[in-house]
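Residue numbers for the sequence shown follow the numbering used here, so the first one is 45 and each next one is one higher.
Just so it is clear, CB atoms sit at the ideal spot from N, CA and C, and this is done for glycine as well.
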Amino acid sequence: MRRPAAALAVLALLASPSVASAQRDAAVNRAGEVAARNWPTALQIWEWAEPGYQETRSANALADIAEKAGFKVTRGVAGIPTAFVAEFGSGGPVIAILGEYDALPELAQTADPVRTIRPGGNGYGHACGHHVFGVASLSAAIAIAEEIRAGRLRGTVRFYGCPAEEGGSAKAFMARAGLFNDCAVALHWHPGSRNTAGDASCLARIAAKFRFYGVAAHAAGSPEKGRSALDGLLLTMHATELLREHTPDGTRLHHTVTGGGGAANVVPEFAEGFFYVRHPKAEVVQKLYPRLLKCAQGGALATETKLEVAYLGGTVEILPNATLARVARANLTALNDLKYDADETRFALRLQETFETKVPFDTLAKVEDVSGKSSGGSTDVGDVSWVVPTVGFSTACWVPGTPGHSWQAVACGGTTIAKKGMTLASRTLAATAHDLMTNAKLLAAAKEEHARLLAGRAYTPLLEKDQRPPLDYRDLPRRRGTE
Ligand SMILES: [Zn+2]
Numbered sequence: 045m046r047r048p049a050a051a052l053a054v055l056a057l058l059a060s061p062s063v064a065s066a067q068r069d070a071a072v073n074r075a076g077e078v079a080a081r082n083w084p085t086a087l088q089i090w091e092w093a094e095p096g097y098q099e100t101r102s103a104n105a106l107a108d109i110a111e112k113a114g115f116k117v118t119r120g121v122a123g124i125p126t127a128f129v130a131e132f133g134s135g136g137p138v139i140a141i142l143g144e145y146d147a148l149p150e151l152a153q154t155a156d157p158v159r160t161i162r163p164g165g166n167g168y169g170h171a172c173g174h175h176v177f178g179v180a181s182l183s184a185a186i187a188i189a190e191e192i193r194a195g196r197l198r199g200t201v202r203f204y205g206c207p208a209e210e211g212g213s214a215k216a217f218m219a220r221a222g223l224f225n226d227c228a229v230a231l232h233w234h235p236g237s238r239n240t241a242g243d244a245s246c247l248a249r250i251a252a253k254f255r256f257y258g259v260a261a262h263a264a265g266s267p268e269k270g271r272s273a274l275d276g277l278l279l280t281m282h283a284t285e286l287l288r289e290h291t292p293d294g295t296r297l298h299h300t301v302t303g304g305g306g307a308a309n310v311v312p313e314f315a316e317g318f319f320y321v322r323h324p325k326a327e328v329v330q331k332l333y334p335r336l337l338k339c340a341q342g343g344a345l346a347t348e349t350k351l352e353v354a355y356l357g358g359t360v361e362i363l364p365n366a367t368l369a370r371v372a373r374a375n376l377t378a379l380n381d382l383k384y385d386a387d388e389t390r391f392a393l394r395l396q397e398t399f400e401t402k403v404p405f406d407t408l409a410k411v412e413d414v415s416g417k418s419s420g421g422s423t424d425v426g427d428v429s430w431v432v433p434t435v436g437f438s439t440a441c442w443v444p445g446t447p448g449h450s451w452q453a454v455a456c457g458g459t460t461i462a463k464k465g466m467t468l469a470s471r472t473l474a475a476t477a478h479d480l481m482t483n484a485k486l487l488a489a490a491k492e493e494h495a496r497l498l499a500g501r502a503y504t505p506l507l508e509k510d511q512r513p514p515l516d517y518r519d520l521p522r523r524r525g526t527e
């Protein structure tokens, strides 16, 4: 009689909420351990700092880790050599976890709190923290896979290796290829200078390069024989500035010169500008782009130069999901353990000397609710969110007050400050994935909210028909004659 009683007691214990929550805690801790173990890979990706669609080493490093952890890895998805999908488990629910790994130009920096350009690199730097983004997400996926392998969770975890987030719109091509169609939810996060969570959105965006072709001539000896491609570009930029006044509230227009001649005494025969137009609604961006195009056409017409347009595609705004956001926010708040040690405090104080405003370090202990707000930037996560209920959050991987896309963000990314933020992100992702895989009602509520917000609208990517990913969008125009 004793034995069956003992066996029953064990069974009761297995089914009890305390055992379930202990298993969940163990999985969450495991995600933190895996992230900490993968920190050298994050640092390696930080050092490589590869441009969008050229992240060959970074993507392979992550795909190799996934393969070693027993995932089935498919490399080169959606016609993109550096995009991959790593999957573990079988059947539903399919939980997607997104990861990124591209860097930004002109922002090479050492891990020092003063502006020091890292020598020997390609000029790129991880100013958006995507080196920790990919690693934290993959680490969480591995921790969830271990639970599936042990039979404690049922379903599939899928890590998406997403390249070229910075202007390359890779996830729009991945979404168009149907890679997210069978997912129940998609989880993502982003490094930042504070912890935030909530059902926030972002700006939709279209990117294009305008190239002008003119006629070279001696700028002093025979200017009448020349037609300046740079003039075509300058006039386009001026027209864009005038256009700005007559756009709907919330519009953002920005541009940079990626090619503009090489010598003051030569009329430039080639010039190239990189343009963005953004707005909180994709449908508005779609209406603004033809007007931006007219600016370029006007620039070419007035300067008698020839215009070539490279449409790089666009990304739609995030469709937020309050059901999922509540879960992620609760988990981030419960798990937040961010605190600086003496070395990190010294680094942070020194770095803050480069800022006008000093944000107090006690903000690290908080999680800001950003529900109903816009991140102010754009992300191709937006395209995923129209296909599948999606949720994200931010953890403080940079010193409070650090702007994204700055050398200070790159500097923080090479320190244990980023490691701590990355580990917290991995644990929060694992906790959220665990909650969703063990609560069918939550998944159903998220799906219902998603359908309600879509209100019958279908996902329409801001891509041209049959458009191929702009794999060379980070290449600067080569000087003529050097090809
Ligand atoms: Zn980013």
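Whether residue i touches residue j by CB criterion (8 Å)
i: T359; j: A216; result: yes
i: K253; j: F203; result: no
i: G357; j: S213; result: yes
i: G306; j: A315; result: no
i: L497; j: L379; result: no
i: C456; j: G236; result: no
i: S418; j: L287; result: no
i: R518; j: G164; result: no
i: E144; j: G114; result: no
i: H494; j: I188; result: no
i: H449; j: A185; result: no
i: L197; j: M466; result: no
i: S183; j: N82; result: yes
i: A105; j: N166; result: no
i: L507; j: R220; result: yes
i: A326; j: D243; result: no
i: T434; j: A230; result: yes
Sequence-distant residues of the same chain with beta carbon closer than 8 Å to residue i, five excluded per side
i: K200; result: Per the sequence shown, the amino acid found at residue 200 is Thr instead of Lys. Same-chain partners within the cutoff: E131, F132, G133, S134, G135, G136, P137, V138, I139 and I192.
i: L376; result: N239, A241, V411, F437, T439, L468 and T472
Range covered by the alpha helix (DSSP H) that runs through residue i
i: L148; result: Here L148 belongs to no alpha helix (DSSP H), and DSSP marks it neither H nor E.
i: G178; result: H174 to R193
i: T100; result: T100 to K112
i: V529; result: Within the shown structure, residues of the chain are numbered from 45 to 527, placing residue 529 beyond reach of any answer.
i: F217; result: A214 to R220
i: Q396; result: A386 to Q396
i: V454; result: W451 to G457
Simplified DSSP state of residue i, which is helix, strand or coil
i: K417; result: coil
i: T118; result: strand
i: A80; result: helix
i: K485; result: helix
i: I362; result: coil
i: G465; result: helix
i: L52; result: The pLDDT assigned to L52 is 49, lower than 50, so where the model puts this residue is not dependable, and the model offers no usable value.
i: R271; result: strand
i: V158; result: coil
i: A303; result: At residue 303 the sequence reads Gly, which differs from the Ala that was named. DSSP places G303 in strand when its eight states are reduced to three.
i: G276; result: helix
i: R169; result: As written in the sequence, residue 169 is Gly, which differs from the Arg given in the question. Strand, per DSSP.
i: Y333; result: helix
i: R518; result: coil
i: F405; result: helix
i: L286; result: helix
Contacting residues, own chain, Cβ-Cβ under 6 Å from residue i (five flanking each side not counted)
i: R46; result: Unreliable positioning characterises R46 in this predicted model, as indicated by a pLDDT of 46, which lies under 50. The coordinate reading is nonetheless provided below. No residues qualify anywhere along the chain.
i: V311; result: A260, A261, A263, G270 and S272
i: A208; result: G96, Y97, D146 and A214
i: A475; result: V72 and N375
i: T154; result: T160 and R162
i: P514; result: L356
Host beta strand (DSSP E) of residue i (start-end)
i: E352; result: K350 to T359
i: I250; result: A248 to Y257
For residue i, the residue or residues it bridges with in DSSP
i: F203; result: A130 and I141
i: L231; result: I141 and V435
i: Y197; result: The sequence as given places Leu at residue 197; Tyr does not occur at that position. DSSP, once it has assigned bridges, lists no residue as partnering L197.
i: T240; result: E412 and S438
i: R322; result: R249 and R296
i: F314; result: Y257
i: H262; result: V310
7 Å CB neighbourhood of residue i in its chain, flanking five on each side removed
i: T401; result: G445
i: G426; result: C246, A248, T359, V360, E361 and I362
i: D226; result: V138
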